[in-house]
DNA sequence: ATCCATTTCGTGTCCGCACACGTATTTTTT
DNA sequence: AAAAAATACGTGTGCGGACACGAAATGGAT
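Protein chains in written order, with my numbering: chain A, 768 to 1126; chain B, 768 to 1126.
Below you can see the structure in the form of structure tokens.
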């Protein structure tokens, strides 16, 4: 193991090698003017040769500049919101990078209002941060935002939702299709080889969530690509999972007409269904939902929800920030596409996934 | 969000507050002699009040001292060894902490030879490192090691295996019992409610591995604590999974006498079984194994192994080092008991768990 | 050749802390 | 009471790099 970061050469050493002063080397390092082309090239050559890496400690100590990043994600009104989780990862990241004169401002928007998003992006642009992490749920407003960011040459990272061909430096999120496919697998694995399945969708979802769509596609794809498909019938129901008066009716009707063996809820509100099932005392129905929010966990633990699919939101946020930091401050190469593991959570292992929340 | 690490007070500021010089404050901070009791208390009071946090950058820059940690884990002769994985996490950690004048030496031992372990611990003691991370598989030799470490006041962290009441500052590993329990759940979930099960154990395991034992216990416990238990028969077989000539016989005999529906391999060599099953063209038998080593992954992907249970070895090593660093260098409080999530891996989500290896 | 304006480069200070050294004060010794 | 020895504290320098400022070298115009 590298016993010691082998004696790094300092600016002073480079200066000696090039027969110039440290000031000149410094100018070259920072691309400041006032250096003869000739000597500049000489110095660059040496820098290249010895693979100069500035001492990070001395650098941040001497520099007056503080780097500021902005994170823009949907707000989390209640404790059951998915978006409370990335915030934990942000705090974690802040703790680590704050030593490096790097700060983070958190902006949030109402994910049912595109204007709310647009408004925030405007504010952010005015602040001219050194990097941005955001969740591009609104297509049009995001495009406008990206245009501005590119104009100002501000690097940006996507989180949760990806927007292809956007010159973002990185993306952190899940592969929704494959997570749905996995849900299909888990469903078929637990059933006896046949039955009636239901996909429970959120009606009137203002925000076009590709994730939810893709989860459903993946789910269906699993059954279509396997022999068992003919034994299953997949229904779907659009109900308003936020308002629990209306859904009761359509659910009741559905349950009375079908012997449902499995229900797939491709959004994070499986607990709403679970509430209903508990009231109606419906059992022996396999429920697969998404995200480790408190109420989902509650019904997972009580056995009404069989599986939750997790995507490590804290880790996503944490890594997104760290990668922006690596890119901006440390000039490291970073990986562009970063899919989170698709975690399978059950009553039996949930305890070990909650941990992040307790720290 | 904390916009800026609010202007931290420096030693100089404290000196001014206490009407002394920076040198005196420095002496108090480092517990060096030469300060009148009275003024010492005064300074300590102020330090307490303002919650002084030294500037990490200036500190590491000015300090000549380099902190050295030692990691002692079993060696990994071939690519299929479990222990190749923690090494990746070590590298990750090294990259981050090397900036802070902190280095790591990796020592390995043959986990079939207690002397090999003891020999290494002796070497380590002679080096007098500032912290040790190790895997206390051998009870007696570990106790001796711990005794020395305590004498020298060297903090140590356990990884993989825990040893209770050992004044270790932290432990990173899995809860083996619960992982076995989860395996039981997955097994029962996939079967039709009854059948014959087999637990495949490694015979002659020189090293007393509590993990493997506890996994089996957890597995059995699941069936005992559920109604379904009476429908299942659980057998077990001790075979040498390293030598693939002998096992064939006993396995063959077993398969000929029983209609095995599920096999649980509580160690990391499920691939050996899978190899056999592939040759014999045995299908429709559920196999649950442990650890994401290359050959296990191969048979998971080909469908012979149904589930692998993962425990994030890289993350364990990474976090173990970071926590030792936090404790030693940053004087942070650290959490003692750190259980890794019990990851459920299938053909469908394995792709997202391999990632660490490609970085 | 002289003078001024660029261009090119060297020097010094500071960032916050660690630590060696030196000075002032008090205590002990004889 | 003077000298020696502790004790208590202040000052200065260096860690490696950023940046301001000033000095030297060069070029052009007269």
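All C-beta atoms in this analysis are idealised placements derived from N, C-alpha and C, irrespective of residue type, glycine included.
Residue i vs residue j beta-carbon contact at 8 Å
i	j	result
residue 1065 (chain B)	residue 1031 (chain B)	no
residue 923 (chain B)	residue 899 (chain B)	yes
residue 1192 (chain B)	residue 838 (chain B)	Nothing can be reported for residue 1192 (chain B): it is not among the residues displayed for chain B, which extend from 768 to 1126.
residue 1119 (chain A)	residue 853 (chain B)	no
residue 824 (chain A)	residue 828 (chain B)	yes
residue 943 (chain A)	residue 977 (chain A)	yes
residue 1076 (chain B)	residue 1117 (chain B)	no
residue 885 (chain B)	residue 1090 (chain B)	no
residue 955 (chain A)	residue 985 (chain A)	no
residue 856 (chain B)	residue 1028 (chain B)	no
residue 953 (chain B)	residue 1072 (chain B)	no
residue 1025 (chain A)	residue 1002 (chain A)	yes
residue 1086 (chain A)	residue 939 (chain A)	yes
residue 778 (chain A)	residue 787 (chain A)	no
residue 1021 (chain B)	residue 965 (chain B)	yes
residue 888 (chain A)	residue 912 (chain A)	yes
residue 948 (chain A)	residue 983 (chain A)	no
residue 919 (chain B)	residue 895 (chain B)	yes
residue 962 (chain B)	residue 999 (chain B)	yes
residue 810 (chain B)	residue 781 (chain B)	yes
residue 785 (chain B)	residue 813 (chain B)	yes
residue 1074 (chain A)	residue 869 (chain A)	no
residue 859 (chain A)	residue 822 (chain A)	no
residue 1053 (chain B)	residue 1114 (chain B)	no
residue 864 (chain B)	residue 897 (chain B)	no
Residue i: contacting residues in chain B (beta-carbon distance under 9 Å)
i	result
residue 866 (chain A)	772, 822, 823, 824
Under 9 Å by beta carbon: chain A residues contacting residue i
i	result
residue 945 (chain B)	1115, 1116, 1118, 1119
Proximal chain B residues relative to residue i, where beta-carbon distance stays under 8 Å
i	result
residue 1066 (chain A)	Under the 8 Å cutoff, chain B gives no residues; its nearest Cβ is about 17 Å from residue 1066 (chain A).
residue 948 (chain A)	1115
Residue i: contacting residues in chain A (beta-carbon distance under 7 Å)
i	result
residue 828 (chain B)	824, 825, 828
residue 952 (chain B)	1113, 1115
Check your understanding: Between the region 1050-1060 of chain A and the region 1096-1106 of chain A, are three or more C-beta pairs nearer than 8 Å?
Key -> Result no; under three Cβ-Cβ pairs closer than 8 Å.
Exercise for review: Determine which residues of the region 1048-1064 of chain B have a Cβ less than 8 Å from any Cβ of chain A, and write them out in chain order.
Suggested key: none
Review point. Taking only runs of the alpha helix (DSSP H) that begin and end inside the region 1050-1114 of chain A, which ones reach a length of at least 4 residues, in chain order?
Key: 1061-1068, 1080-1095
Exercise for review: Identify each residue in the region 1088-1121 of chain A for which the Cβ-Cβ distance to at least one residue of chain B is less than 9 Å, and report them in chain order.
Suggested key: 1102, 1105, 1106, 1107, 1108, 1109, 1110, 1111, 1112, 1113, 1114, 1115, 1116, 1118, 1119, 1120
Practice item. Kindly confirm or deny that the region 1002-1009 of chain B and the region 961-970 of chain B touch, where touching means at least three C-beta pairs closer than 8 Å. Key: Because the criterion of three Cβ pairs below 8 Å is met, the region 1002-1009 of chain B and the region 961-970 of chain B touch.
Point to revise | Interface positions of the region 955-986 of chain B facing chain A (Cβ-Cβ less than 8 Å), listed along the chain | key: 956, 957, 959
Review point. For the region 997-1034 of chain B, which segments carrying the alpha helix (DSSP H) assignment without a break, of at least 4 residues, lie completely within its bounds, in sequence order?
Key: 1013-1024
Review point. Which ranges does the alpha helix (DSSP H) cover as unbroken runs of at least 4 residues, wholly within the region 796-881 of chain B, from first to last along the chain?
Key: The qualifying runs are 804-817, 823-829, 851-864.
Exercise for review: Please specify which runs of the beta strand (DSSP E), each continuous and at least 3 residues long, are wholly inside the region 878-963 of chain B, giving them in chain order.
Suggested key: 898-901, 923-926, 937-940
**Study point:** the region 840-853 of chain B / the region 875-893 of chain B touching (three or more Cβ pairs under 8 Å)
**Key:** yes
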